[in-house]
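Peer 1: Residue 566 in full-length UniProt numbering sits at position 566 of the sequence shown, with consecutive numbering throughout. Ideal Cβ positions, reconstructed from N, Cα and C, are used throughout, including at glycine.
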Amino acid sequence: MSKHGGSTKYQKCYEVLYPWVAPDPKCDKNAICTWCKKAINVASMGKSALDSHAEGKKHKSYSAGVQKTLALDTFVQRSEPATSKSDTNNNNGPIQGVPASQPISSTKKSTMQSYLLAEEVTRAEILWCLRAVRSHLSIRSAGDCTALFPTMFPDSDIAKKMQLQKSKICYSIVYGIAPFLKRKLEDLVEKCDTIVLEFDESMNAVSRTTQMDVHLRFWDHDKSLVTTRYFDSVFLKRTRAVDLLDGLKGSFGSKNLQKILQLSMDGPNVNLKLLSDLNAELRTSFGGLQLLQLGSCSLHVVHNAFKTGMSKTSWEIVPFLRSSYNLFHDSPARRALYTEITGSTSFPDSFCGTRWVENANAAEKAAAILGNVRAYVEETKKAKSVPQSWSFETVCKALSDELLEPKLTFFSSTARILEPFLNDFQSDDPIAPFLYDELHSLLNNLMQRVVKPDVLRTAKSLVKIDVQDAKNLITAEHFELDFATRSALKKVKGVSEKDVLLLKNDMRSCIIGIILKMQEKSPLKYSLTRALSCLDPAVALDNVTAERRLSVCLDALVSSGRMPGSKADRVKMEFVELCKDSRVRDEMKSFNRSEGRLDRFWVDMTKMSPKPCPNFLDFLKTILIISHGNASVERGFSVNSECIVENQTEKSLVAQRYVYDAVQDAGGVDKFNIDKSLIHSFRNAHSLFKDEMKTQKNAAEREDEIRFQNKRKQSEIHELEAKREKMLAEASKISAEIEDLKK
């Protein structure tokens with residue numbers, strides 16, 4: 001609507017959006033409906049006036065008649081009336097006052113072209129909204145860009161017709177695109193018997209509440225693959241277990257709780273309490289149903305184990321890494337002086353303790369330029385003005401340690417042992433069947449450095465080896481350094497044997513600390529972790545081992561109420577027969593998980609089998625969705641930080657997350673499928689937005705009325721109380737006078 005008292009004029013673009021609209025030759029603020037033969041004033045409401053007219057009963061009846069007429073004209077050709085020679089001679093042109101009618105084929109073609117153009121314009125507007133969200137463009141910037149399109153593409157009718165300003169982009173995403181995508185996702189989930197629910201919380205800096213992001217991992221029947229999708233965000237004031245459970249139930253729906261196969265999370269105690277409460281509710285409400293458990297996120301476990309191990313030493317590695325970076329960061333003068341003194345432009349890298357795979361790089365860089373940093377500090381101390389900062393003091397203190405370089409090297413080499421696991425298991429592919437072998441190999445490599453060989457060789461389970469018992473451990477004197485640390489130690493001159501022994505003891509304590517944390521928290525504690533490896537092609541080649549682990553896996557499904565025992569028997573029979581097939585075994589031998597997905601591999605194997613494997617396929621759809629870590633949710637926090645802006649509503653943030661996730665799942669904006677349903681939802685966004693605004697306005701008016709009534713009541717109460725006080729004072733005065741008269 002115009003801001004200047006209703007001065008909107010007829011727009012040519014109305015004819016594209018509404019084929020029945022024509023300009024009024026008598027008034028430029030009116031539009032004519034060619035079907036109803038009615039003038040429509042657009043001065044105050046603009047396009048909304050046309051929307052309102054289109055909803056009228058009379059217009060709809062004319063619309064139905066026009067559509068029938070066009071349909072009939074498709075099959076029947078109108079014949080020209082016969083004219084006599086005399087008529088021809090007497091009529092040299094059209095009768096005055098009667099307009100010449102156009103052929104119906106021309107009208108139909110024009111209408112169809114307008115319809116197709118309008119659809120292509122809408123499609124282009126949707127694509128631009130998707131691109132704006134995917135690239136994290138500001139809404140204002142995205143709207144301003146569309147004004148350039150007609151200039152950039154002067155020969156494009158679509159560019160000329162696009163109308164995407166800031167407000168339209170906002171309500172189109174929130175009320176048009178996002179609700180459609182959510183419904184589509186809910187339809188996918190509805191087809192699934194089981195899902196895995198992943199969640200984690202972070203602080204929303206705008207709403208000042210805790211934002212709990214919920215992701216779902218399920219079998220996508222349309223793609224025949226495991227997929228992980230963003231599902232919702234819940235905003236909480238408190239994060240007790242009961243609050244988290246209520247949030248999950250409100251988001252996913254209480255009736256769908258029975259579909260939850262596993263709860264994927266990190267390891268705080270409040271999450272463990274939530275897991276216990278959810279299990280209790282499932283057991284009570286759904287006939288003994290239970291969740292499958294692999295413990296908390298394996299990525300968090302390994303990363304936190306490294307942090308725990310380093311804390312067992314007395315080294316100040318982490319403060320040194322942070323301080324050395326901060327010393328030169330955003331300080332051109334110090335950087336220039338450093339380069340002048342050392343002749344180097346290589347500066348310390350940033351260290352962040354919460355990033356899984358960036359521990360080693362910062363330590364390696366610090367060890368490599370340690371000599372330059374030491375030279376800079378020595379020269380700076382000679383100057384008149386020494387930096388008075390915590391970073392400089394921390395660096396000076398750390399440099400006084402002669403064994404700093406070997407410590408940095410050990411830090412880096414130990415992190416390098418863990419980082420391949422942390423890199424590989426950030427994938428959303430179904431790789432839980434590989435989790436046991438990878439964690440077992442990682443823990444075994446660490447134990448070889450501190451556990452006696454005979455103890456390690458005879459142990460039935462690595463998790464049960466007591467690394468706190470000195471009888472099971474190698475002494476500090478016999479602790480073997482890695483090659484990089486040994487080389488760094490040789491460079492240090494004048495170090496006593498006692499100092500070396502103390503250094504080895506610290507390194508040994510670090511490794512023991514990592515092992516203890518992994519034994520305590522890792523998925524290796526759970527029998528299901530090992531059982532899942534039956535679907536590892538390398539394990540499946542060993543029929544005895546694969547059958548034994550499959551049986552444990554099926555027992556877990558049966559005991560948790562996820563599969564009847566009779567079906568479990570059929571699953572085992574089909575799996576055994578499948579693994580005996582020579583062609584399947586050849587494919588197992590050549591399988592490489594870095595080149596292929598496990599879900600696609602097993603689906604292809606079932607197609608290769610001469611006998612159908614319907615029960616084994618159902619087993620795959622249940623087991624392969626089991627989560628190996630919370631990397632998807634953690635990545636979502638980075639998306640949140642890009643989407644969040646000042647004064648943003650929670651609904652807007654969630655809508656952008658739906659759009660971002662859907663585009664990512666499609667493989668990019670260019671691969672995103674825009675169908676008729678999405679176009680219809682996009683076009684309905686404005687009416688839904690107006691309804692929402694009207695609802696909010698009515699709610700605000702009701703609240704204002706309630707506040708007004710309460711204020712009026714309080715005012716009346718104060719007046720009555722004042723009257724009562726006055727009357728009591730008068731009564732007291734009268735009583736005093738009566739008493740005086742009695743005297």
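Do you know offhand how far F75's Cα is from L117's?
Peer 2: In the sequence shown, residue 75 corresponds to position 75, counting from 1. In the sequence shown, residue 117 corresponds to position 117, counting from 1. With a pLDDT of 40 at F75, under the threshold of 50, the modelled position of that residue is not reliable, and the figure given next carries that caveat. For F75 and L117, the distance between alpha carbons rounds to 24 Å.
Peer 1: Just checking my contact of Y175 with L688 at CB under 8 Å: how many whole Å lie between their CB atoms?
Peer 2: Residue 175 sits at position 175 when you count from the first residue of the sequence shown. Residue 688 sits at position 688 when you count from the first residue of the sequence shown. With 8 Å as the limit, Y175 and L688 qualify as a contact, their Cβ atoms being about 4 Å apart.
Peer 1: If you draw a straight line from the alpha carbon of I32 to that of P25, how long is it in whole angstroms?
Peer 2: The count along the sequence shown starts at 1 and reaches residue 32 at position 32. The count along the sequence shown starts at 1 and reaches residue 25 at position 25. Distance between the alpha carbons of I32 and P25: 9 Å.
Peer 1: So E262 and V196 are in contact, right, with Cβ under 8 Å, and what is the actual spacing, rounded?
Peer 2: Looking up residue 262 in the sequence shown gives position 262. Looking up residue 196 in the sequence shown gives position 196. Strictly speaking, residue 262 in this sequence is Gln, with Glu absent from that position. Here Q262 really is in contact with V196; their C-beta atoms are around 5 Å apart, less than 8 Å.
Peer 1: Bridge partners for A22 per DSSP, in chain order?
Peer 2: Residue mapping note: residue 22 aligns to position 22 of the sequence shown, counting from 1. Beta-bridge pairing links A22 to I32.
Peer 1: Tell me which residues share the same chain as R530 and place their Cβ nearer than 6 Å to its Cβ, disregarding the 5 neighbours each side in the sequence.
Peer 2: Numbered from its first residue, the sequence shown carries residue 530 at position 530. So the list reads Y436, once near-sequence residues are dropped.
Peer 1: Rounded to the nearest angstrom, how far is the Cβ of L456 from that of M447, given a contact under 8 Å?
Peer 2: What you label residue 456 is simply residue 456 of the sequence shown in a count that begins at 1. What you label residue 447 is simply residue 447 of the sequence shown in a count that begins at 1. About 6 Å; that satisfies the 8 Å criterion.
Peer 1: Which residues does DSSP pair with H215 in a beta bridge?
Peer 2: Locating residue 215 in the sequence shown gives position 215, counting from the first residue. BP columns for H215 point to E198 and Y230.
Peer 1: When you compare each of Y230, R683, E650 and F708 to V206 by their alpha carbons, which one comes out closest?
Peer 2: Your numbering for residue 206 matches position 206 in the sequence shown. Ranking Y230, R683, E650 and F708 by Cα distance to V206 puts E650 first.
Peer 1: Helix, strand or coil for Q696, going by three-state DSSP, please let me know.
Peer 2: Counting from 1 along the sequence shown, the entry for residue 696 is found at position 696. Residue state, collapsed to three classes: helix.
Peer 1: Please classify Q519: does DSSP put it in a helix, a strand, or coil?
Peer 2: Here residue 519 refers to the residue found at position 519 of the sequence shown. Correct three-state label for Q519: helix.
Peer 1: DSSP three-state call for N91: helix, strand or coil?
Peer 2: Position 91 of the sequence shown, counted from the first residue, corresponds to residue 91. With a pLDDT of 43 at N91, under the threshold of 50, the predicted position of this residue should be treated as unreliable, and no value is reported.
Peer 1: Nearest CA to the CA of D232: which residue from L653, R702 and R712?
Peer 2: One-based indexing of the sequence shown puts residue 232 at position 232. Residue L653 is the option with its Cα nearest to D232.
Peer 1: What does the alpha-carbon distance come out to for the pair N92 and T34?
Peer 2: The residue given as residue 92 occupies position 92 in the sequence shown. The residue given as residue 34 occupies position 34 in the sequence shown. Per-residue confidence for N92 stands at a pLDDT of 43, beneath the threshold of 50, marking its modelled position as unreliable; the derived number appears in the next sentence. In a straight line, the C-alpha of N92 is about 29 Å away from that of T34.
Peer 1: Quick check on the burial criterion: 16 or more other C-beta atoms within 10 angstroms. Buried or exposed for C510?
Peer 2: On the sequence shown, position 510 is the one that residue 510 refers to. It counts as buried.
Peer 1: Could you work out which residue in P23, S224 and R140 is closest to R600 when comparing CA atoms only?
Peer 2: Position 600 of the sequence shown, counted from the first residue, corresponds to residue 600. When each option's Cα is compared against that of R600, the closest is S224.
Peer 1: Can you tell me where the beta strand (DSSP E) holding N41 begins and where it ends?
Peer 2: The residue given as residue 41 occupies position 41 in the sequence shown. Taken as a continuous stretch (DSSP letters only), the beta strand (DSSP E) holding N41 covers K38 to N41.
Peer 1: Starting from Q664, trace the beta strand (DSSP E) in both directions and tell me its first and last residue.
Peer 2: Position 664 of the sequence shown, counted from the start, is the residue given in the question as residue 664. Unbroken run through Q664 is the alpha helix (DSSP H), E650 to A666; no beta strand (DSSP E).
Peer 1: My assumption, with CB atoms under 8 Å, is that T394 sits in contact with F320. Please give the rounded CB distance.
Peer 2: For the purposes of this step, residue 394 is taken as the residue at position 394 of the sequence shown. For the purposes of this step, residue 320 is taken as the residue at position 320 of the sequence shown. At roughly 6 Å, the Cβ-Cβ gap stays under 8 Å, so T394 and F320 are in contact.
Peer 1: So what's Q262 in DSSP terms, helix, strand or just coil?
Peer 2: Position 262 of the sequence shown, counting from 1, holds the residue named residue 262. Correct three-state label for Q262: strand.
Peer 1: Is the stretch 368–378 close to the stretch 323–340, with three or more CB pairs under 8 Å?
Peer 2: yes
Peer 1: Would you list the one or two residues that DSSP bridges to N204?
Peer 2: Indexing the sequence shown from 1 puts residue 204 at position 204. In DSSP, N204 forms a bridge with T209.
Peer 1: Which same chain residues end up closer than 8 Å to I512 when comparing Cβ atoms and leaving out the 5 residues on each side of it in sequence?
Peer 2: Taking the sequence shown and counting its residues from 1, the one referred to as residue 512 is at position 512. So the qualifying residues of the chain are G309, K312, V450, V467, Q468 and L473.
Peer 1: Cα separation between E80 and H59?
Peer 2: Position 80 of the sequence shown, counted from the start, is the residue given in the question as residue 80. Position 59 of the sequence shown, counted from the start, is the residue given in the question as residue 59. Here E80 scores only 46 on pLDDT, less than 50, and its place in the model is too uncertain to base an answer on.
Peer 1: Within 10 angstroms of the Cβ of H300, are there 16 or more other Cβ atoms? Answer buried if so, exposed if not.
Peer 2: In the sequence shown, residue 300 corresponds to position 300, counting from 1. Label assigned to H300: buried.
Peer 1: Using the three-state DSSP reduction, which class does L541 fall into: helix, strand or coil?
Peer 2: The residue you call residue 541 lines up with position 541 of the sequence shown. Residue state, collapsed to three classes: coil.
Peer 1: Consult DSSP for F601 and reduce its assignment to one of helix, strand or coil.
Peer 2: Looking up residue 601 in the sequence shown gives position 601. It is helical.
Peer 1: Can you give me the start and stop residues for the alpha helix (DSSP H) that Y175 sits inside?
Peer 2: Taking the sequence shown and counting its residues from 1, one reaches residue 175 at position 175. Y175 -> no alpha helix (DSSP H), and no H or E assigned at all.
Peer 1: Give the list of continuous alpha helix (DSSP H) stretches no shorter than 4 residues that lie fully inside the stretch 410–457.
Peer 2: Whole alpha helix (DSSP H) segments, 4+ residues: 435–450.
Peer 1: Give a yes or no on whether the C-beta atoms belonging to H215 and V633 are separated by under 7 Å.
Peer 2: If you number the sequence shown from 1, residue 215 lands on position 215. If you number the sequence shown from 1, residue 633 lands on position 633. Yes.
Peer 1: I'd like the list of long-range same chain contacts for T210, defined as Cβ closer than 6 Å, with 5 residues on each side in sequence excluded.
Peer 2: Counting from 1 along the sequence shown, the entry for residue 210 is found at position 210. The answer, listed in chain order, is E201, L236 and T239.
Peer 1: Could you tell me the alpha carbon to alpha carbon distance between S350 and A415, rounded to whole angstroms?
Peer 2: Translated into positions along the sequence shown, residue 350 becomes position 350. Translated into positions along the sequence shown, residue 415 becomes position 415. Spanning the two alpha carbons is a distance of roughly 16 Å.
Peer 1: How far does the alpha helix (DSSP H) with I623 in it reach, from first residue to last?
Peer 2: Position 623 of the sequence shown, counted from the start, is the residue given in the question as residue 623. That run of the alpha helix (DSSP H) goes P614 to I623.
Peer 1: On the criterion of 16 or more Cβ atoms from any shown chain inside 10 Å, does N673 qualify as buried, or is it exposed?
Peer 2: In the sequence shown, residue 673 corresponds to position 673, counting from 1. Result: exposed.
Peer 1: Between which two residues does the alpha helix (DSSP H) containing D675 stretch?
Peer 2: The residue given as residue 675 occupies position 675 in the sequence shown. Careful: D675 lies outside any alpha helix (DSSP H) and carries neither H nor E.
Peer 1: Out of G561, S609, P614 and S427, state which residue places its alpha-carbon closest to the alpha-carbon of R570.
Peer 2: Residue mapping note: residue 570 aligns to position 570 of the sequence shown, counting from 1. The shortest Cα separation from R570 among G561, S609, P614 and S427 belongs to P614.
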